[in-house]
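Inspection log for the structure reproduced underneath, given as structure tokens.
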Amino acid sequence: MEPDYEALGRYYASLETFNELSSKRHRLSGELCRMLSHSMERNHDVLTLFDHKAARMLLEDIIALNAHLIQVTEHLNRHAAECGKPEIRTLYRKG
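Anchor point for the sequence shown: position 72 equals 72 in full-length UniProt numbering, and the numbering is continuous, going up by one each time.
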């Protein structure tokens with residue numbers, strides 16, 4: 001049986017999009033973590049201010065990227081089933 005080259009093409013296009021979005025979400029999450037860790041510094045003679053507007057914007061970007069990643073993962077997994085490639089597993093971690 002010949003491979004479904006159209007499904008393979010869609011799979012790899014979706015995988016590329018998934019990897020790009022995942023990297024961007026990782027980068028933005030790292031920025032938010034750094035921002036939060038700086039705000040938790042405890043010093044008796046210095047007040048470290050927290051830019052809540054910037055944090056909110058980062059979080060909103062992460063939320064939007066996450067929603068897009070879910071959609072892309074659903075498409076990718078559908079194409080994976082069509083061409084026999086591995087699916088992306090979805091994990092949900094609380095707290």
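Using N, Cα and C, we set each Cβ at its ideal position, and we do this for glycine too.
Sub-8 angstroms separation of residue i and residue j beta-carbons
i, j, result
"L69", "S22", "yes"
"L65", "K94", "no"
"A67", "M35", "no"
Residue i versus the options, residue with shortest Cα-Cα distance
i, options, result
"E6", "R89, E82, K94", "E82"
"L32", "K94, E16, L58", "L58"
"I62", "Y12, N19, M1, G30", "G30"
"D51", "V72, S37, R89, H75", "S37"
"F18", "T73, Y92, L47", "T73"
For residue i, the three-state DSSP class (helix, strand or coil)
i, result
"I63", "helix"
"R34", "helix"
"I88", "coil"
"A47", "The identity of residue 47 in the sequence shown is Leu, whereas the question assumes Ala. Here L47 sits in coil by DSSP."
"M57", "helix"
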